[in-house]
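From first to last, the protein sequence lines are chains A and B. Just so it is clear: in the first sequence, position 173 is 173 by the working numbering, and no numbers are missing. Plus 576 on top of the position in the second sequence (first one is 1) and you've got the working numbering. In this text, a Cβ means the ideal position worked out from N, Cα and C, and glycines have one as well.
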Amino acid sequence: MEVNVKAKESTNKEQSRSGADVLIQSLKKQGVDIIFGYPGGAVLPIYDALYKNPIRHVLARHEQGAIHAAEGYARVSGKIGVVIATSGPGATNLVTGIADAMLDSLPLVIFTGQVASSVIGTDAFQEADIIGITQPITKHNYQVKNVEDLPRIVKEAFYIASTGRPGPVLVDIPKDISTQMFLSATDENEDIHLPGYQPTKNPNYLQIQKAIKVISNSKKPLILGGAGILAAKATKELKEFVERHQIPITNTLLGLGGIDGDHPLFLGMAGMHGTYTANTAICDCDVLINIGARFDDRLTGNLAHFAPNAKVVHIDIDPAEIGKNVSTAVPIVADAKEALRELLNQSFDSPDTVDWLASLNVNKKEYALRYKADKEKGILPQQAVELIHRLTNGDAVVTTDVGQHQMWTAQYYRFNNPHNWVTSGGLGTMGFGFPAAIGAQLAKPHERVVAVVGDAGFQMTLQELSLLQEFRLPVKVVILNNQSLGMVRQWQQTFYEERYSQSLVHVQPDFVKLAQAYEIQGYKVETMEEAEKVFAEAFSTNEPALIDCRVVQLENVYPMVAPGKGLNEMIGVRGE
Amino acid sequence: MKRIITTTVINQSGVLNRVTGLLMKRQFNIESISVGHTEQPGMSKMTFVVNVEDEQKIEQLLKQLQKQIDVIKVNDITDKAMVMRELALVKVATVPAVRSEIYSIVEPFRATVIDMSKSATTFQVTGDPEKIEAFIDLMKPYGIKELTRTGVSAFVRENQKVPTTHLSIL
Chain A
1 MEVNVKAKES TNKEQSRSGA DVLIQSLKKQ GVDIIFGYPG GAVLPIYDAL
51 YKNPIRHVLA RHEQGAIHAA EGYARVSGKI GVVIATSGPG ATNLVTGIAD
101 AMLDSLPLVI FTGQVASSVI GTDAFQEADI IGITQPITKH NYQVKNVEDL
151 PRIVKEAFYI ASTGRPGPVL VDIPKDISTQ MFLSATDENE DIHLPGYQPT
201 KNPNYLQIQK AIKVISNSKK PLILGGAGIL AAKATKELKE FVERHQIPIT
251 NTLLGLGGID GDHPLFLGMA GMHGTYTANT AICDCDVLIN IGARFDDRLT
301 GNLAHFAPNA KVVHIDIDPA EIGKNVSTAV PIVADAKEAL RELLNQSFDS
351 PDTVDWLASL NVNKKEYALR YKADKEKGIL PQQAVELIHR LTNGDAVVTT
401 DVGQHQMWTA QYYRFNNPHN WVTSGGLGTM GFGFPAAIGA QLAKPHERVV
451 AVVGDAGFQM TLQELSLLQE FRLPVKVVIL NNQSLGMVRQ WQQTFYEERY
501 SQSLVHVQPD FVKLAQAYEI QGYKVETMEE AEKVFAEAFS TNEPALIDCR
551 VVQLENVYPM VAPGKGLNEM IGVRGE
Chain B
577 MKRIITTTVI NQSGVLNRVT GLLMKRQFNI ESISVGHTEQ PGMSKMTFVV
627 NVEDEQKIEQ LLKQLQKQID VIKVNDITDK AMVMRELALV KVATVPAVRS
677 EIYSIVEPFR ATVIDMSKSA TTFQVTGDPE KIEAFIDLMK PYGIKELTRT
727 GVSAFVRENQ KVPTTHLSIL
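If you want it as structure tokens, here you go:
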């Protein structure tokens, strides 16, 4: 008798679903196969539903690690990164990652627990107004007020995050919503209803005609390729366009990989630490075709001196980016792929760029990136990046934090493939690179993933070594260790008369022992001979590895455009 | 320059916060704002007056507003033929000696008396902001005890006299 009752109860339970059950089912409907998260009080019902109806869950050791991993996953896979965290501190620990994803346009859907509806606003235990906190740093956010809305909100969140200009969407779920029974037999409320959101995908025909006229008549055209090309998966179209019309191209930091790093028409990265050739080309060009870049200040330098001779054609999916910083002659609101397709469909006379390309090629040879290696002084960080490039043939997924190591990697790791470059551009987040590498490796389990990090940034999120230990992810962590906050130190040297305030870090953990504590092979190298041997060995295995690569402390990133200066006012173009 | 912006928004909690938060984030100064329901259920209309430096700034503001998911429509109606009204409640010290004098001033403004005591009278005055400013200025010498204004509410007239340069949202 008792057995029967239990059996009946369990069938009842199977039929009736809680909000949390519906959430997990909705995630499965969206094709979610991995979640980065951390449980806690307010998300207990969600984790219970996940227990019963599993989706692969990666338990980071800090919510910040979880969201950066989701960003890395989103960047390389093109899919949406999904994050779950609890209310209060769980949610606030995500804030840096949310802001990072917002500025770098990464599609994330973040679910946070919230205290029960009845106590919202009473300063309850682990309550934080995460909707208010994240309003300016999300593409959109929701607080679920009614369990019946949940399927629709999940669907809308995924739609908003991944369409138009991608970005993070946060869904805040009060605990009582997760536990409430979902009464509808079907998820009938799930039709999305977004009258205020209709991103433009296809370019306006007349604007394309205007662009063609401007490009055709130019003598010194230049393409500036941003991350919009990667987000639109338009690298093939871009290459065809560039080659057909013989137009040189430069990339923004986040646009790297949009075209092969060794392509003859590629001038290298532009901006504060861009190449001489790319920056002077921006100053000299008569037409600048910006595809999917947002004219960030680190790219433009002083706006008054930016592309002074150029008519600007700006293709962007976000109309608000057009004309925001640089006045534009031909605005085209469109997805980069659609716009490039339309430009390729139209036959028009290529501009005559023979002389222009010849002069750029002279610059490329004359002012190539360079450094002065010195055996006595030790390893230069640029050498280490070149070594990584050589060992991985330019095919690896490479992640970084922000700072000197990021710039050296951007300069010296020439990417053969798109979607392999994972870095924190807009927000410039220390501690981003290592967890992002974990997410990237999970997205591409068969590819080589290298986290190039600084000694300081690595220490902000190193607790995620647990994930390498747990999943034996073959991520290679290379710490370019200059025992300092390198970029801070460089600016103090350049602009503050070498007053190294709080930027030299003499006390560090023994990174090799630290790796060993997590059952990861650790290495320390101090000379190029050691580096050659150790890197080759570490990169040959399918196991995680950490290399503490000691580099010259006072090396600077060059060339450099000082803040407030124009792109034509570079220092250190000869690498010193 | 002063611009009058109207937005149609989905009426759900937090939408006012979204719009004002956006203006704060982008460093726009709101001079006045008024919000209320519209003829469509579930939709609200916001009218706000902002001070901006130039056309580029206002275009950026319109685009940023348009980007909000809950914002359906954005219009800069400053240069259009429009109806624009604001309401102010002004409590003025009206001692018997000056009362009739004050009343004679009030009359051309078609302000109405909505509360009265021995020493003070509360007037309700509606009109465009200039009219209200003028009313306040005239009342000041008598002593304004309390003042509150609703902010501007506006929409475009059915008949537009001449085509005006309208800032477009691309």
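Exposure of residue i, with buried meaning 16 or more beta-carbon neighbours within 10 Å
i	result
residue 46 of chain A	buried
residue 55 of chain A	exposed
residue 350 of chain A	exposed
residue 600 of chain B	exposed
residue 346 of chain A	exposed
residue 476 of chain A	buried
Three-way DSSP call (helix, strand, coil) for residue i in this model
i	result
residue 395 of chain A	coil
residue 704 of chain B	coil
residue 142 of chain A	strand
residue 198 of chain A	coil
residue 166 of chain A	coil
residue 9 of chain A	Here residue 9 of chain A scores only 45 on pLDDT, less than 50, and its place in the model should not be relied on; the value that follows carries that caveat. DSSP places residue 9 of chain A in helix when its eight states are reduced to three.
residue 41 of chain A	helix
residue 277 of chain A	helix
residue 317 of chain A	coil
residue 155 of chain A	helix
residue 567 of chain A	coil
Opposing strand residues paired with residue i [DSSP bridges]
i	result
residue 521 of chain A	A:545
residue 484 of chain A	A:504
residue 123 of chain A	None; residue 123 of chain A has no bridge partner.
residue 662 of chain B	B:703
residue 773 of chain B	Because chain B in this structure spans residues 577 to 746, residue 773 of chain B falls outside the shown range and cannot be described.
residue 408 of chain A	Note: residue 408 of chain A sits in no beta bridge, so no partner.
residue 421 of chain A	A:398
residue 112 of chain A	A:85 and A:172
residue 624 of chain B	B:581 and B:609
residue 250 of chain A	A:224
residue 18 of chain A	A:181
residue 290 of chain A	A:224 and A:314
residue 46 of chain A	Paired residues: none, contrary to the question.
residue 476 of chain A	A:450 and A:545
residue 57 of chain A	A:35
CA-to-CA distance, residue j to residue i, given in whole angstroms
i	j	result
residue 429 of chain A	residue 290 of chain A	25 Å
residue 689 of chain B	residue 179 of chain A	55 Å
residue 569 of chain A	residue 218 of chain A	25 Å
residue 607 of chain B	residue 729 of chain B	13 Å
residue 626 of chain A	residue 432 of chain A	This structure gives no information on residue 626 of chain A, because the portion of chain A shown stretches from 1 to 576.
residue 123 of chain A	residue 51 of chain A	30 Å
residue 611 of chain B	residue 174 of chain A	28 Å
residue 352 of chain A	residue 393 of chain A	34 Å
residue 656 of chain B	residue 580 of chain B	10 Å
residue 232 of chain A	residue 651 of chain B	30 Å
residue 427 of chain A	residue 245 of chain A	35 Å
residue 547 of chain A	residue 536 of chain A	11 Å
residue 491 of chain A	residue 634 of chain B	36 Å
residue 398 of chain A	residue 257 of chain A	11 Å
residue 192 of chain A	residue 384 of chain A	50 Å
residue 106 of chain A	residue 440 of chain A	13 Å
residue 324 of chain A	residue 642 of chain B	14 Å
Cut-off 6 Å between Cβ atoms - residues of its own chain near residue i, not counting five sequence neighbours on either side
i	result
residue 591 of chain B	585 and 646
residue 435 of chain A	65, 68, 69, 461 and 464
residue 314 of chain A	290, 322, 328 and 331
residue 443 of chain A	73, 76 and 77
residue 453 of chain A	401, 433, 434 and 479
Cut-off 7 Å between Cβ atoms - residues of its own chain near residue i, not counting five sequence neighbours on either side
i	result
residue 360 of chain A	248, 267, 277 and 281
residue 588 of chain B	646
residue 472 of chain A	543 and 544
Check: residue i C-beta below 7 Å from any heavy atom of the ligand GDP
i	result
residue 468 of chain A	This structure lacks the ligand GDP, and indeed carries no ligand of any kind.
Cβ shell of residue i (< 8 Å), same chain only, five flanking positions each side left out
i	result
residue 723 of chain B	664, 665, 666, 667 and 712
residue 284 of chain A	220 and 309
residue 214 of chain A	287, 311, 313, 329 and 330
residue 41 of chain A	86, 87, 113, 125, 126 and 175
residue 103 of chain A	425, 426 and 427
residue 527 of chain A	375, 378 and 379
residue 5 of chain A	At residue 5 of chain A, the pLDDT of 46 sits below 50, so the modelled position is not reliable and the matter cannot be decided from this model.
Minimum Cβ-Cβ distance from residue i to chain D less than 8 Å
i	result
residue 114 of chain A	No chain D appears in this structure, whose protein chains are A and B.
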